[in-house]
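Peer 1:
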Amino acid sequence: MISRGDLFHPSIMSKELLIFLLAATDTTGNALTFTFTLLGMHPEIQQKVYEEVITEIGRDAPIETDHLPKLKYTERVISESMRLLPPVPMIGRYLNKDIQIGDKIFPKGANIVAYTLVLHHNSKYWPNPKKFDPDRFLPEEIAKRPPSCYIPFSEGPRNCIGKQYAMMSMKVVVANVIRNFWISSKYRSIDEMEMRGLITMRTKGDIDCHFTPRN
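Residue 209 in full-length UniProt numbering sits at position 209 of the sequence shown, and the numbers go up by one each step.
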């Protein structure tokens, strides 16, 4: 029988923490890349993020944990970026029992894939789905949709364990970058970015995103 001491042995905990940190490297990096590129494509939204960061934190003050809940518009921008360009475009699941969806029955033991990208672009839940609109994530707008139509971190008891860590990290990075750099991009729509979805979402070639130091 495994004791509590064995389960939480420092060597086990350190390995779990390492997995926790490394697993988010590619996905979080892609999410930030897409967020910065989208901000470069939409200077009016970028300006709102900048104004929020300067108002709530300041130009040079260290970013503390207490600042993060105040960055509400910044969080909406990140959420909308992950809707438009989810870092993980599909999620695999193994069925441990028969499941019926509509008139279709998926048998126990089947492997299924949920296409996050398709769900996030479904016009039933997201009018004008290719438009970058952070206000989709205002509380009153969220209340109009079923929770399962937005799953950048998967859904259910086996969703991404690093969700809170990832969101906090991304808000810190976005705030730090935006208050120090103006971002620009030649793209005028996400179609010009030529995306490809494998295990994670990425562009076929180099991405056009430029950072100019603010005065």
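All residues carry an ideal CB built from backbone N, CA and C; glycine is no exception.
How should residue 211 be labelled, buried or exposed, when 16 other C-beta atoms within 10 angstroms of its C-beta is the threshold for buried?
Peer 2: The residue is exposed, with fewer than 16 neighbouring Cβ atoms inside 10 Å.
Peer 1: Can you round the beta-carbon distance between residue 77 and residue 134 to whole angstroms, since I take them to be within the 8 Å contact cut?
Peer 2: With 8 Å as the limit, residue 77 and residue 134 qualify as a contact, their Cβ atoms being about 5 Å apart.
Peer 1: So, do the region 86 to 94 and the region 27 to 47 have three or more beta carbon pairs nearer to each other than 8 Å?
Peer 2: Short answer: they touch.
Peer 1: Taking the runs of the alpha helix (DSSP H) that are 4 residues or longer, which of them lie wholly in the region 135 to 171?
Peer 2: For the region 135 to 171, whole alpha helix (DSSP H) runs of length 4 or above, ordered along the chain, are 139 to 142.
Peer 1: Could you check where the alpha helix (DSSP H) with residue 83 kicks off and where it finishes?
Peer 2: Element bounds for residue 83: 72 to 84.
Peer 1: Do residue 194 and residue 204 come within 9 Å of each other at the CB atom, strictly closer than that value?
Peer 2: Contact flag set, yes.
Peer 1: Identify whether residue 89 lies in helix, strand or coil by the three-state DSSP scheme.
Peer 2: Three-state result, residue 89: coil.
Peer 1: Give me the Cβ distance between residue 104 and residue 97, rounded to the nearest whole Å; I'm assuming they're in contact under 8 Å.
Peer 2: Incorrect: roughly 15 Å between the Cβ atoms, too far for contact.
Peer 1: Please name the residue in 112, 142, 162, 32 whose C-alpha comes closest to that of residue 19.
Peer 2: The option with the nearest alpha carbon to residue 19 is 162.
Peer 1: What residue range does the beta strand (DSSP E) around residue 115 cover?
Peer 2: 111 to 115 is the extent of the beta strand (DSSP E) around residue 115.
Peer 1: Counting Cβ pairs closer than 8 Å, one from the region 165 to 172 and one from the region 60 to 78, do we hit at least three?
Peer 2: Result yes; three or more Cβ-Cβ pairs closer than 8 Å.
Peer 1: Would the beta-carbon of residue 150 fall within 9 Å of that of residue 115?
Peer 2: For residue 150 and residue 115, no; Cβs fall outside 9 Å.
Peer 1: Around the C-beta of residue 52, are 16 or more other C-beta atoms found within 10 angstroms, so that it is buried, or is it exposed?
Peer 2: Flag for residue 52 reads buried.
Peer 1: Looking at the unbroken beta strand (DSSP E) that takes in residue 48, where does it start and where does it end?
Peer 2: Looking at the DSSP string, residue 48 is not in any beta strand (DSSP E); the run it does join, the alpha helix (DSSP H), is 43 to 56.
Peer 1: Using the beta-carbon count (16 or more within 10 Å), is residue 39 buried or exposed?
Peer 2: Result: buried.
Peer 1: Provide the residue(s) that pair with residue 94 in DSSP beta bridges, ordered along the chain.
Peer 2: 111.
Peer 1: On the DSSP bridge assignment, give the partners of residue 196 in chain order.
Peer 2: Answer by DSSP bridge pairing, in chain order: 202.
Peer 1: Comparing alpha-carbon positions, which option in 58, 215, 81 lies nearest residue 131?
Peer 2: For residue 131, the nearest C-alpha among the options comes from 81.
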